[in-house]
Amino acid sequence: GLGSFFYYCLIIYAAFWSGSSVVTFISGVIPNVMISFMATITYLSYCLLLGGFFISRNRIPIYWKWFHYISLLKYTYEAVLINEFDDPSRCFVEGVQVFDGTLLAEVPDAMKVKLLDTLSNSLGMKITESTCLRTGTDLLTQQGITQLSKWDCLWITLAWGFFFRILFYFALLFGSKNKRT
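Residues in the sequence shown are numbered from 1 upward in steps of one, following full-length UniProt numbering.
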């Protein structure tokens, strides 16, 4: 709905602001433009890799979990996913769609229906072409996104922006070579 759209715009703006805060801080700490650029790319690469976008929290090794929680992208990514999929009444995979993305995707639909009947008999529950097999809540659980609400993610994203702006201030205060005498 409209509220979800406005929330999406808000979280994207917050992510942009916190990202520019990080880049501002790094540029304040490292005076050389090329080294600053490489440090920023390195930091953002780790954020992208370990923030849940490529590797979910459940699959990150224990010794890298700390970086997952300090990733700027983690909170934005989770907020966008929660905003989109946190409705248990919406169904995202029904009946024969469960075979999409598998080796059985090219099998005729009639065969898929027979496979669903066989699964129904094996499991002892009725699975038809219209049976909902995966809701948005299931997708969030599969991705390991169960700890925070979308509003918590927004506030944390904004807090990261303020944190890096404050660090930038101190970097200028204590590290600047342009002192007035």
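Beta carbons are placed, not taken as given, at the ideal position from N, Cα and C, and that holds for glycine.
Note that the structure is a prediction, hence the values are computed from the model and not measured.
Neighbourhood of residue i by C-beta, 6 Å cutoff - its chain only, sequence neighbours within 5 removed
| i | result |
| --- | --- |
| R134 | F92, V93 |
| S120 | K126, I127 |
| F37 | none |
Beta-carbon spacing of residue i, residue j below 8 Å
| i | j | result |
| --- | --- | --- |
| F85 | G52 | no |
| E78 | C153 | yes |
| F164 | T24 | yes |
| F168 | G28 | yes |
| I60 | L50 | yes |
| L103 | K112 | no |
Neighbourhood of residue i by C-beta distance below 7 Å, restricted to the same chain and skipping five residues each side
| i | result |
| --- | --- |
| R57 | H68, G144 |
| K74 | G51, G52, H68 |
| W17 | G161 |
Assigned secondary structure, residue i (DSSP; H/G/I helix, E/B strand, else coil)
| i | result |
| --- | --- |
| L148 | coil |
| V93 | strand |
Alpha-carbon spacing of residue i relative to residue j, whole angstroms
| i | j | result |
| --- | --- | --- |
| D72 | A39 | Rather than Asp, the amino acid found at residue 72 in this sequence is Leu. C-alpha separation (whole angstroms): 15 Å. |
| S130 | F5 | 29 Å |
| G95 | L116 | 7 Å |
Best match in the options for proximity to residue i [C-alpha to C-alpha]
| i | options | result |
| --- | --- | --- |
| W66 | T76, C47, L123, S36 | C47 |
| N83 | I55, W64, T146, L158 | T146 |
| L158 | A15, L81, Y7 | A15 |
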